[in-house]
Structure formats: C-alpha cells, structure tokens
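Sequential numbering of the sequence shown, starting at 0, is according to numbering that gives the first Met the number 0.
Each residue gets a CB set at the ideal place from its N, CA and C atoms; glycine is no exception.
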Amino acid sequence: MTPLGHRRLILTRHAKSAWDDPTLSDHDRPLNDRGRRSARALGDWMASRGYEPEEVLCSSARRTQETWAMAAGAPLEVRPLLRIEPGLYHAGPDKMLTILRTASHPTVMMIGHNPGISELAALLPARPPLDPDFRRYPTGATLVVDFQVDSWSEVQPGEGSVMDFVRLDGRH
0 MTPLGHRRLI LTRHAKSAWD DPTLSDHDRP LNDRGRRSAR ALGDWMASRG YEPEEVLCSS
60 ARRTQETWAM AAGAPLEVRP LLRIEPGLYH AGPDKMLTIL RTASHPTVMM IGHNPGISEL
120 AALLPARPPL DPDFRRYPTG ATLVVDFQVD SWSEVQPGEG SVMDFVRLDG RH
C-alpha cells in the first residue's frame, strides 16, 4: 500500500515474444520460453520487494497479457484490478501518460511496448537510473517510480523518483 499523497508506477515492457509463426499478426504473438521464464521471474522479483500493483493497465496484445499472467503467478498478496487497454498497443509516451492518468489505485503497473515505453520511462523521473540498459529498455525491463501526488491526473514528466530498475531477460 502507498501512503496518501503518493503514487507508485511499475512500468514494464512485455517479456520476450516468439517470432516462429509467420501466420500470426504482431498483436497475437505469444511469449517464447525465455519470455515466460522472465515474466515469472518478474513476478517473484516484485513480490520479494513488496511491489504489489493494485491496478494493472495492460496492452491488449497477447504478449503483454501473457507477461502479466505469468508475473501474477508469483505469491503476490494483492489481486489487482486488471484493465486491458487497447490504446496501449504500440502507444507513444503521450498516449501512455494519458491512460496512466485515468488510473484509480495508488500502485499501478503498466505493461506495454517499445519504443513508447522506453520514451515514457525516460520522461517520468527527475533523474533516470544509471543502468546502461535503461535507455533501450529491453524486453522484461521494469522501472519502479514514485510520485508525490494525490491523484494520477497530477503526474507530470520529470517529477518521479526512481525506486528501482531491473532487467529480467529469462536467461538465468
């Protein structure tokens, strides 16, 4: 739980997806084995650090929904509200921020796609993490950023505080 006047965003790029079926549309591509391992590891990482989303804003793409489904298999104490947001599918940072501002719970996870997600991640914090992978935001990358605001509608670029950044690529 986050205190009053505080909002936490867990910003995740979907895990690694499969490219082995040329008949599938981009929207319908599933995770590959590495992606499934990575998404499970993401859930374990979140649970171990107490990053428990109360609301999940997830792109309508299959790979983002599977990323959440695998991460949600971890022993999380909270079962969040899941909102499938078609507008997050390949959205730019402005559209993503607009959708984030409609969130209703203090701790929100947003699962989306590059390049929009890396662009949003770069815009939100006052100081970005010093991780060399941050700018490219590889599959499975997750930023945890806090805002001192009472409502998501008040979130502004450059006002977040980075709490954590991780890349879980499923190779472990």
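- Looking from the CA of R100, the closest CA among N113, R78, L123 belongs to L123.
- Excluding the 5 residues flanking it on each side, V161 has same chain C-beta neighbours closer than 6 Å at P124, P128, V144, in chain order.
- When C-beta atoms of the segment 147-159 are compared with those of the segment 11-25, fewer than three pairs fall below 8 Å, so the two segments do not count as touching.
- Taking the Cβ atoms as the reference, E54 lies roughly 7 Å from R82, within the contact range of under 8 Å.
- Residue R61 holds the alpha-carbon nearest to the alpha-carbon of W18 among A46, L56, R6, R61.
- By the 16-neighbour rule on beta-carbons within 10 angstroms, R7 is buried.
- Secondary structure at P92: helix, using DSSP grouped into helix, strand and coil.
- DSSP places D145 in the strand class (E or B) of the three-state scheme.
- For E153, there is no enclosing beta strand (DSSP E), as DSSP gives it neither H nor E.
- Between the C-alpha atoms of Q147 and D163 there is a straight-line separation of about 16 Å.
- Scanning its chain for C-beta atoms nearer than 8 Å, with the 5 sequence neighbours on each side dropped, one finds around R35 the residues A14, E65, M69, G169, in chain order.
- For P79 against G115, the beta-carbon gap comes to about 22 Å, at or over 8 Å, which does not count as contact.
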